[in-house]
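Trainee: The structure under discussion is supplied below as structure tokens; questions concerning it will follow.
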Amino acid sequence: MKGEWERLIESIFPPLESFVRSNICWDENNPYYGGLLETIPLTPNPAWSHSSYQVADAYLRLYEAYSNEKYWRTARAIVNFLVREQTDAGCWYGYAGYPKSAGWNEKNAPPGSKLNVKLDDGTVLDIIRSPFS
1 MKGEWERLIE SIFPPLESFV RSNICWDENN PYYGGLLETI PLTPNPAWSH
51 SSYQVADAYL RLYEAYSNEK YWRTARAIVN FLVREQTDAG CWYGYAGYPK
101 SAGWNEKNAP PGSKLNVKLD DGTVLDIIRS PFS
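Numbers 1 to 133, taken from the numbering used here, label the letters of the sequence shown in order.
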């Protein structure tokens, strides 16, 4: 039987998820496809990427919990945007095991490699590429 907190969270979740989904760029012809709309005027700016990583991570967790394809598509769109944006912004400094200094980049790194994004404050955020390749 579900607890009170679980019921409360599940009652809040649908409108919140709908709000987040409506604030993602879904135009596949737009260079910001998969980006959070509120961040687009600020790109490239590493400060906003924390939100995008959190949203992508949340959608991956939702997919793992509910196996709903729309959560997988949303996570994939956001992660692919982050890979493009962070590479273009120059924050990207290499794939784990495939350093930029050795000539590896977003286009030639093998599936399963990890994208490391280093923000101005020294924070390192990681994306595993394998599910998105």
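Glycine is no exception: its CB is placed at the ideal position from the N, C-alpha and C atoms.
Note the first and the last residue of the continuous alpha helix (DSSP H) segment covering E10.
Mentor: From DSSP, the alpha helix (DSSP H) with E10 extends over E4 to S22.
Trainee: Give me the residue from G3, I24 and S101 with the minimum Cα distance to N80.
Mentor: The residue with the shortest Cα to Cα distance from N80 is I24.
Trainee: Out of curiosity, what's the CA-to-CA distance linking E10 and E28?
Mentor: Cα to Cα, the separation comes out at about 31 Å.
Trainee: Is the Cβ-Cβ distance between A75 and Y59 less than 8 Å?
Mentor: Going by C-beta atoms, A75 is nearer than 8 Å to Y59.
Trainee: Have a look at R61 and Y32 and give me their C-alpha separation to the nearest angstrom.
Mentor: The straight-line gap from Cα to Cα measures roughly 23 Å.
Trainee: To the nearest whole angstrom, what separates the beta carbons of L36 and S51, a pair I think is in contact under 8 Å?
Mentor: About 6 Å; that satisfies the 8 Å criterion.
Trainee: Please look up how many angstroms separate the CB atoms of W72 and Y66, rounded, as I've assumed it's under 8 Å.
Mentor: In fact, because the Cβ distance is near 10 Å, the residues do not count as touching under 8 Å.
Trainee: Could you say which of S101, K100, G34 and E6 lies nearest to E85 if we only look at CA atoms?
Mentor: The option with the nearest alpha carbon to E85 is G34.
Trainee: Under 8 Å, do L16 and A56 count as touching if we go by C-beta distance?
Mentor: No, the pair does not count as a contact, with Cβ atoms beyond the cut-off.
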